[in-house]
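Structure, as structure tokens:
There are 2 protein chains.
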Amino acid sequence: MSQKEITIYDIAEKLAISAATVSRALQNHPAVNAKTKKRIVDLANELGYQSNKFASNLRKQKTHTIGVIVPRLNSAFMSTVLSGIEKVANNAGYNLIISQSFETHDKEAQNAQTMFNNRVDALVISLAYDTKDYKHLNSFIKKKIPIIFFDRVADKIDATKVLIDNFKAGYQATEHLIQQGCKEILHITGNLSRNVYNDRFEGYKKALEDNGIKYDQKLLICNDLSEKAIEDCLKNDVLKRTKLPDGLFITSDPSAAYALTILKEAGVKVPQDMAIIGFNNDLISRVCEPAISTINYPGNQMGETIARILINHLNGESDINYMNTVILKTDLIVRNSSLKKK
Amino acid sequence: MSQKEITIYDIAEKLAISAATVSRALQNHPAVNAKTKKRIVDLANELGYQSNKFASNLRKQKTHTIGVIVPRLNSAFMSTVLSGIEKVANNAGYNLIISQSFETHDKEAQNAQTMFNNRVDALVISLAYDTKDYKHLNSFIKKKIPIIFFDRVADKIDATKVLIDNFKAGYQATEHLIQQGCKEILHITGNLSRNVYNDRFEGYKKALEDNGIKYDQKLLICNDLSEKAIEDCLKNDVLKRTKLPDGLFITSDPSAAYALTILKEAGVKVPQDMAIIGFNNDLISRVCEPAISTINYPGNQMGETIARILINHLNGESDINYMNTVILKTDLIVRNSSLKKK
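As they're listed, the protein sequences go chains C and V. Position 279 (the first sequence) corresponds to 291 in this note's numbering; numbering is contiguous. Position 133 (the second sequence) corresponds to 145 in this note's numbering; numbering is contiguous.
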């Protein structure tokens, strides 16, 4: 830490040329000839010269960093989105600072404050399970630092949102099960105060209604979709019911795969006794037996879209304030877990 | 961007108190009484005051950021490690800058340079598939910026490594298949110039040797373990062989799950015709039918360990230079995909 910093003046002195030439060469300026450039760059590397992006950022009031807050890094869907954001942002010269809220409002607020103090140029956020208000984002809004919400978005804030049509996806999944002959469709999902789960649930209810099936609240189970929660609700509730539901719409593929495993162990035949449909189209849905029907949710494209919108805004090419909502396309993917009628 | 920055002087003026008091209050100094502190903090929030961590970092020559370069973000194993690093780093007040090399040396070198210029306090790296030399890390070494390698490590650099005993794990996996009666064990794995794959391969060979089975190089297939590569080598090679191998040791669980699906489709009975063992203990290995035997690789603990070592070093509590290699424990997990003898 306390080592002497190598400057362009040190390089200039050693090569007996001007500091201005060194500076231009290190920025790959065309006015410096290739041979000189090489001598300068080689010496810079040898001496361990570090361009002072940090100080230059401070002057420009830009950090070229984008803050990203996600509920959990450890999720196939999230890692696909992050991969898409990182790819586009990195190519445009932006770094990602990533943190996780662990599904709590407090940690999310704390992470937002840290990112604000670190002067990220933009914030990308998918809300925690229990985030109730958005006060922790006020400082960004006041300072006109662009915010993009994705997947789990805030309806009450006037910021850009990138998401899918969760209502439609929920409707499609449920309608598919009904078309396969299911009449009692269990819906296992997350916290209904989050748009993604609420909208899918509304789609589920509407599909039932449109097909003359009365909504039964005993067929709705909300939990955090963890392995523990899935095991719990199936073993201690669903599998003990006198009559098993004949369909299951569960809003994540890992949960669907895990539920399938538990149901099979309990002797439930899928799809004959219970047809299953998941959500996301993760690899896990394809390797199960039977393979699990699902809704294709293009996480990678979502990530790339988010980064492109932000970078165009930050570069002044387009104004994010005119773009309120971007809805990405989803598809119903039918596999054997739900095909009662072949 | 061009908005006027709120300073402690603005807050001091509005409250008719000294800037020093404002500064102390915002740092939660005990000398300022609670009531005054609250007035100051409330006004700071209202005005959108942003603590200048950025400039203060510049003065202190510390950024409180840790750079992390991984081959791909989109991997269950990597996201588990990242989640562990982030959790510990975040609690200690450090931010993570994360980037992916997309398995190429060039992108890895470019990302390392960006992180160096952004003055990360430390670098955490798992090497790309084709990284051949480590010149791109010289600037860190010269500047005494600590580097921790994990999983895919560089043997030739004197830096801290956090990994598992890949030789032992490869030996155990192979030995288990031999104990189940396998005599021709196919080994599908990654680039052997990476330690993780080479060490597992050496373990595989040693287990064969110790059990009097001659190593046959036709039973070694190296590729990038992508879905495409797995499909390719199975459909266009393995499944066309006159005699099928009776065992398969494949060094990642998603690949093992995908291979299982393809083999089952082709009518191969698992484990009777071919016993399978994977690597990592991802959820995907548990939901397959049959469930896939594997090596438990504690990604989350690996991430937490890495972050703790770094933070202890950065806080001056322990010196990373005395810690060369940390080896985490793995376990053989036997499931039905390899149980020929029940």
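Built from N, CA and C at the ideal position, the CB exists for glycine as well.
Query, Result
"If residue 104(V) sits next to residue 323(V), beta carbons under 8 Å apart, how far is it from one beta carbon to the other, in whole angstroms?", "5 Å"
"Interface residues of chain C around residue 86(V) at Cβ under 7 Å?", "91, 92, 95"
"Taking the CB atoms as reference points, tell me whether residue 201(C) and residue 254(C) lie closer together than 8 Å.", "no"
"Quick one: Cα of residue 84(V) to Cα of residue 205(C), how far?", "33 Å"
"Taking 8 Å as the CB-CB cut-off, is residue 340(C) touching chain V?", "no"
"Looking at chain V, is there any beta carbon in it that lies within less than 8 Å of the beta carbon of residue 128(C)?", "yes"
"I think residue 237(V) touches residue 267(V), with their Cβ atoms under 8 Å apart; what is that distance to the nearest whole Å?", "5 Å"
"Is it buried or exposed for residue 330(C), if we count other Cβ within 10 angstroms and need 16 for buried?", "exposed"
"Verify whether the separation of the beta carbon atoms of residue 207(V) and residue 167(V) is less than 8 Å.", "yes"
"What does residue 337(C) reach in chain V if we use C-beta pairs closer than 9 Å?", "Those do not exist, as residue 337(C) stays about 25 Å from chain V at its closest Cβ, beyond 9 Å."
"On a Cα-Cα basis, can you pick out the residue from 274(C), 150(C), 56(C), 134(C) that is closest to residue 157(C)?", "134(C)"
"Are three or more beta carbon pairs between the region 17-24 of chain V and the region 330-348 of chain C nearer than 8 Å?", "no"
"For the region 259-343 of chain C, list the alpha helix (DSSP H) runs that are entirely contained and at least 4 residues long, ordered along the chain.", "265-277, 295-299, 311-326"
"Any Cβ of chain C within less than 8 Å of the Cβ of residue 327(V)?", "no"
"Do you know offhand how far residue 25(C)'s Cα is from residue 47(C)'s?", "18 Å"
"Would you mind giving the Cβ-Cβ distance between residue 246(C) and residue 286(C), rounded to the nearest angstrom? I have them listed as a contact below 8 Å.", "Not confirmed; about 11 Å, so no contact."
"Confirm, please, whether the CB-CB distance from residue 289(C) to residue 181(C) is below 8 Å.", "no"
"Ignore the nearest five residues each way along the sequence and tell me which others in residue 183(C)'s own chain have a CB closer than 7 Å to its CB.", "215, 218, 219"
"Just to confirm the assignment, what range does the beta strand (DSSP E) spanning residue 79(C) have?", "77-82"
"Given a cut-off of 8 Å on the beta-carbon distance, is the pair residue 96(V) and residue 319(V) in contact?", "yes"
"So residue 170(V) packs on residue 138(V), CB below 8 Å; how close in whole Å?", "Not quite, the Cβ-Cβ distance comes to about 18 Å (not below 8 Å), so this is no contact."
"Return the CA-CA distance between residue 191(C) and residue 252(V), expressed in angstroms with no decimal places.", "40 Å"
"Which of the three DSSP states, helix, strand or coil, is assigned to residue 349(V)?", "coil"
"Kindly list, in the order they appear in chain C, the residues whose Cβ is closer than 7 Å to that of residue 280(V).", "Those do not exist, as residue 280(V) stays about 14 Å from chain C at its closest Cβ, beyond 7 Å."
"Spell out the partners DSSP gives residue 201(V) in its beta bridges.", "234(V)"
"Quick check: is the beta carbon of residue 313(C) nearer than 8 Å to any beta carbon in chain V?", "no"
"Give me the DSSP bridge partner(s) of residue 134(C).", "78(C)"
"When you compare the CB of residue 108(C) with every CB in chain V, is at least one pair closer than 8 Å?", "yes"
"Can you tell me whether residue 195(C) is buried or exposed, with buried defined as 16 or more other CB within 10 angstroms of its CB?", "exposed"
"Would you kindly report the start and end of the unbroken alpha helix (DSSP H) that includes residue 149(C)?", "Premise fails: residue 149(C) is in no alpha helix (DSSP H) and is neither H nor E."
"Taking the alpha-carbon positions, what's the residue 100(C) to residue 316(C) distance?", "6 Å"
"Along chain V, in chain order, which residues have C-beta atoms closer than 8 Å to that of residue 154(C)?", "60"
"Strictly under 8 Å for the Cβ-Cβ distance: is residue 273(C) near chain V by that measure?", "yes"
"Rounded to whole angstroms, what is the Cα-Cα separation between residue 51(C) and residue 36(C)?", "13 Å"
"Going along chain C, which residues have a C-beta under 9 Å from residue 98(V)?", "85, 110, 111, 112"
"Measuring only between beta-carbons, confirm whether residue 267(C) sits less than 8 Å from chain V.", "no"
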